[in-house]
Amino acid sequence: MFKKILIANRGEIALRIIRTCKEMGIKTVAVYSTVDKDSLHVRFADEAVCIGPPASSQSYLSMHNLLSVAEITNADAIHPGYGFLSENAEFSELCRIHNIKFIGASPEMINAMGDKSNAKETMKKAGVPIVPGSDGLLHDIKEGIKISKKIGYPVILKSTAGGGGRGMRIVWKDDEFEAAFNSAQTEAKAAFGNDGMYLEKYIEEPRHIEIQIAGDQYGKVCHLSERDCSIQRRHQKLIEECPSPFMTDELREKMGEAAIKAASSISYEGVGTIEFLVDKHRNFYFMEMNTRIQVEHPVTEEVINYDLIKEQILIAAGVPISGKNHYPKMHCIECRINAEDPYKNFAPNPGKITSLHIPGGHGIRVDTHIYAGYVIPPNYDSMIAKLIVVHQTREECIVKMKRALEEFIIEGVKTTIPLQLQLMQNEDFINGNFTTKFMESFVIK
Ligand code: MV4
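Sequential numbering from 15 applies to the sequence shown in my numbering.
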């Protein structure tokens, strides 16, 4: 087993990883930028080393600085958390070269899934359902129009390097195609330095349902059920839950098997997520694979009663997985609390938390790095807490979430709490009647 793990991240996920390391008897090294010197991950780790100025590019993304710290402190593994270098093939490879275990995907696995068009082809060969569309990348506009005519409008143009909706355009008819293609490609080229585009049938009003999987180096892959992440705004998730209100036992079985096929086809090791679009007829299609631990992993931890960070560390150390699929025994809902003003178009609202009360009681879990007096720096993601509630039924979870949101007092900065409180009282949300389009028509009171 590892003796010492360097955590190449900050905020709640750095704390989350430190907690599991402590329980496993593994020493921890925190790294921090100058603006994070008073952070809890620095206080709770066994050692902490400053790695640079606030800009991520010079601190949490500095591969050289991170590897130097790992070397100096004698860490035998690096946990990248989510974001930052968690899906960076070059960093994963550098760790391998320097004989430091990267607790995440191999460069090969990251590269196989990082190119979306390539990932889709791999899934097609593996027998995982995909949305009909172009075979690989589009060569020109003429070809795109020809395919669109064949599969029928609407279609969606996607950047192969994409993610987060950038370089994506919906096209409704032939004469819109050229302009949409050019603007999507220009956007993709600027954002990712890659202008490869592919096309597929546009699924209207889908649900975003993802399957958590775990695989080991002995070729065993199992699924750990789903998370419904349909409540998003501009590709930022606001609420995640399990079971999905749209799920059936039969659909879970089918999507679980497809996710296992997907991960097995690239001999996946570690924990990962297969994202699917699910249409109103419960047809499901592979969208992307995430080769990292995700923000919403606690939802799965709570419903199957299973520490996913511990599982990642065990898999990285070569311990075989149990090999059984896991099914929800409870219901869980997570709200991502962001320091943003929902009444001002979700503008980031960093600054000092002047007073704080964190909710508690039965079935409440709060994963956060904030404390009274903490100053949220403007340099990073605006998520400041995850409020997670667990109970037997969805109805009880919604009651509990409303109570916990009302009890959550954060003064000094604006947060998304009022929006989430309103969602807990929304008839369509309560009835499980929502798709990825839900937030587009939601009016904040
Ligand atoms: C789609 C789609 C409809 N049809 N693909 C958005 C981000 C990127 N990962 C894929 N996305 C979508 N792909 C087809 N063929 C709709 C979306 C989409 C979406 C997906 C999941 C969650 C929220 C979304 C919001 C807008 C669009």
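The beta carbon of each residue, even a glycine, is placed where N, CA and C say it ideally should be.
beta-carbon residue i near ligand 1 non-hydrogen atom, thresh 8 Å
i: T450; result: yes
i: L152; result: no
i: E302; result: yes
i: H295; result: no
i: S244; result: yes
i: Y212; result: no
i: Y96; result: no
i: H345; result: no
i: I217; result: yes
i: Y299; result: yes
i: E289; result: yes
i: K203; result: no
i: G147; result: yes
i: M415; result: no
i: P259; result: no
i: M269; result: no
i: P356; result: no
i: P220; result: yes
i: K172; result: yes
i: M182; result: yes
i: H376; result: no
i: H311; result: no
i: H544; result: In this structure the chain extends from 15 to 459, so residue 544 is not present and cannot be described.
Assumed close pair residue i, residue j - CB separation to whole angstroms, cut-off 8 Å
i: V43; j: E26; result: Their Cβ separation, rounded to whole angstroms, is 18 Å, which puts V43 and E26 out of contact at 8 Å.
i: P373; j: L328; result: About 32 Å; that fails the 8 Å criterion.
i: G377; j: H340; result: G377 to H340, Cβ: 20 Å. No contact.
i: R306; j: E101; result: 5 Å
i: I65; j: S53; result: Not confirmed; about 13 Å, so no contact.
i: I217; j: Y299; result: 7 Å
i: T407; j: H345; result: 6 Å
i: R180; j: A202; result: 7 Å
i: I280; j: A126; result: 5 Å
Given residue i as reference, the closest of the options once Cα atoms are compared
i: E190; options: G207, G181, G176, P168; result: P168
i: S396; options: P220, N363, D149, F206; result: N363
i: N359; options: V235, I159, M15, R247; result: R247
i: I367; options: H78, R379, A361, N352; result: N352
i: L291; options: M261, L81, T305, I335; result: M261
i: K115; options: G97, E85, T136; result: E85
i: T48; options: Y394, A228, K203, Y232; result: Y394
i: I124; options: P259, K18, G332, M303; result: M303
i: Y46; options: A331, H371, L20; result: L20
i: M415; options: E425, Y282, V427, I431; result: I431
i: E420; options: K428, Q434, T407, P143; result: Q434
i: V457; options: L99, M301, Y357, D230; result: Y357
i: I111; options: E201, K160, H78; result: H78
i: F443; options: E354, E255, V56; result: E255
i: E289; options: E316, P220, I32, D50; result: P220
i: H383; options: I32, H311, K160, I280; result: I32
i: N319; options: A204, S173, L238; result: L238
i: M453; options: L265, C243, E348; result: C243
i: E271; options: M301, C236, L252; result: C236
i: M460; options: E240, V83, D230, G39; result: Nothing can be reported for residue 460: it is not among the residues displayed for the chain, which extend from 15 to 459.
i: G178; options: I159, T200, A205; result: A205
i: V313; options: G332, E283, R350, V333; result: R350
i: A175; options: N208, D149, H153, E157; result: N208
i: S336; options: F16, G229, F98, D149; result: G229
Any non-hydrogen atom of ligand 2 within 8 Å of residue i CB
i: G177; result: Looking for ligand 2 in the displayed structure turns up nothing; the ligands present are ligand 1.
Interface flag, residue i vs chain D, CB-CB below 9 Å
i: I318; result: Here there is only one protein chain, and chain D is not present.
Legend entry - Touching by the beta-carbon criterion (3+ pairs, under 8 Å), the region 189-204 and the region 218-236: no
Legend entry - the region 262-280 contacting the region 202-214, beta-carbon criterion three pairs below 8 Å: no
Inset, instruction - Decide yes or no for the touch test of the region 405-416 against the region 388-396: beta carbon pairs closer than 8 Å, at least 3 of them. - result: no
Legend entry - Cβ contact check for the region 16-31 and the region 82-98: 3 or more pairs under 8 Å: yes
Legend entry - Every unbroken beta strand (DSSP E) within the region 79-141, with a cutoff of 3 residues, ordered by chain: 91-93
Inset, instruction - Tell me, please, whether the region 103-119 touches the region 129-143 by the rule of three or more beta-carbon pairs shorter than 8 Å. - result: no
Legend entry - Start-end ranges of the beta strand (DSSP E) lying completely within the region 169-237, minimum 3 residues: 169-173, 183-185, 211-215, 221-229
Inset, instruction - Scan the region 242-294 and note each continuous beta strand (DSSP E) run of 3 residues or more that stays entirely inside, going in chain order. - result: 253-256, 284-292
Legend entry - Every unbroken alpha helix (DSSP H) within the region 386-410, with a cutoff of 4 residues, ordered by chain: none
Legend entry - Those runs of the beta strand (DSSP E) which lie wholly inside the region 313-401 and span at least 3 residues: 345-352, 369-371, 378-382
Inset, instruction - Report the residue ranges of all beta strand (DSSP E) runs contained in full by the region 40-70; include only those spanning at least 3 residues, in chain order. - result: 41-47, 61-66
Inset, instruction - Take every Cβ of the region 161-177, pair it with every Cβ of the region 135-143, and state whether three or more of those distances are shorter than 8 Å. - result: no
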